[in-house]
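Q:
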Amino acid sequence: MDKVISSAAEAVADIPSGATLTVGGFGLCGIPSVLINALLEAGVSDLEVVSNNAGVDDWGLGLLLGAGRLRRVVASYVGENKEFARQYLSGDLEVELTPQGTLAERMRAGGSGIAAFYTRTGVGTQVAQGGLPWKYDDAGNVIKTSPEKPVMTFETPEGEREFVLEEAIVADFGIIRAWKGDRHGNLLFKDSARNFNPLAAMAGQITIAEVEELVEPGEIPPNDVHLPGVYVHRVVPLTPEQAADKRIEKRTVR
C-alpha cells in the first residue's frame, strides 16, 4: 500500500516516448512542475498531452513544448503561450481545442468507466459539426480537421433539445500535484488546484502525484479526502523548496 517513490525521476522512468498524458492544473496553478521537469530531463518525446492549457513559454508544459517533445495537445485554453501558437500554425503541433467543461467531463468519464456522454455544449457549432483545424502544414494550409460528432434529440423539461456526443478520455499516464497526500495515495487539493487535478488523476491508467506535504495514512480525515488513493499509483513527496516554487502567469501591481 505504500506508494511513495523517492524521486520524480524514478516515478516517471517508465513513461515512454509516444505516451499519452493527462496533466493537472489550471494556468500555472497546481501544475505538476517537478514531474514535468523530470520528463524533460528524461528525454521522452512524441507525447500527446491532455491538459486545460499548455503552460507558458518558460514554465510548466511550455518547457516540453519548447523542447519539441509534444506532438499533440488536447486543451481548452492556450492563449498565454507564444511558442504554442507558433508550432500550431507552422504545422509542428496537432491541437484539439475542447470546451473547458467538456474537457473536464471527458476526463471524469474516462476515470469512471463511461465511454461517452451527451452534452448541450457545442451544439450548432463546429464543435459538433466538425471542421475545426487540428493541424496545419508548413505553408499554413489546414491538413486535418475535427470530425463531425453524432447529435441526438432528447426530451428535457424545456422541450426537445439537441445534444452532442463526446467521447471519454483515458490516458496512459496521469501526472498531477496535490497539497497533501498520504502514503496510500489519498489526496487533498487546495483552492483552485482542485479543478483539473482530480480529473487528470482519474483519467490516467497509471497516475503519479507530486505532493507538497506527505502525511501518514489516517492523518487526512476521510471526509476531507478529495481524491481516494484507488486512483493514485505513485506519490512523490516534494522538498520544501520544490513545494514553494510556484509561479503566476501575470503579475499585476497598482
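Each step along the sequence shown adds one to the number in the working numbering, with nothing skipped, and position 225 is 461. From the three backbone atoms N, C-alpha and C, an ideal C-beta is built for every residue, glycine too.
Excluding the 5 residues preceding and the 5 following residue 330 in the sequence, name in chain order all residues of the same chain whose CB lies nearer than 6 Å to its CB.
A: Counting only Cβ-Cβ distances below 6 Å, and skipping sequence neighbours, we find 308, 370 and 371.
Q: Between the region 429-439 and the region 311-318, do at least 3 Cβ pairs fall closer than 8 Å?
A: Segments in contact, no.
Q: Apart from the five residues just before and just after residue 362, which ones in its own chain have a Cβ nearer than 8 Å to its Cβ?
A: Excluding residues within five positions, the ones whose Cβ falls inside 8 Å are 368 and 382.
Q: Could you check where the alpha helix (DSSP H) with residue 463 kicks off and where it finishes?
A: It is not in any alpha helix (DSSP H) - residue 463 carries neither H nor E in the DSSP assignment.
Q: Could you tell me the alpha carbon to alpha carbon distance between residue 471 and residue 451, rounded to whole angstroms?
A: Spanning the two alpha carbons is a distance of roughly 11 Å.
Q: Who are residue 392's beta bridge partners in DSSP?
A: According to DSSP, residue 392 bridges with 395.
Q: When we look at the beta-carbon of residue 249 and count the other beta-carbons within 10 Å, is it buried (16 or more) or exposed?
A: Exposed: under 16 other Cβ atoms inside 10 Å.
Q: Does DSSP classify residue 342 as helix, strand or coil?
A: Reduced to three states, the DSSP call for residue 342 is helix.
Q: Go ahead and pull the three-state DSSP assignment for residue 411.
A: The answer is strand: DSSP assigns residue 411 an E or B state.
Q: Which partner residues of residue 400 appear in the DSSP bridge assignment?
A: In the DSSP output, where bridge partners are listed per residue, residue 400 has 355 and 387.
Q: How about residue 390 and residue 260: are their beta carbons less than 8 Å apart?
A: Not a contact, by the Cβ cut-off of 8 Å.
Q: To the nearest angstrom, how far is it from the Cα of residue 254 to the Cα of residue 454?
A: Whole-angstrom Cα-Cα distance: 38 Å.
Q: What's the C-alpha gap between residue 242 and residue 360?
A: So the two alpha carbons sit approximately 50 Å from each other.
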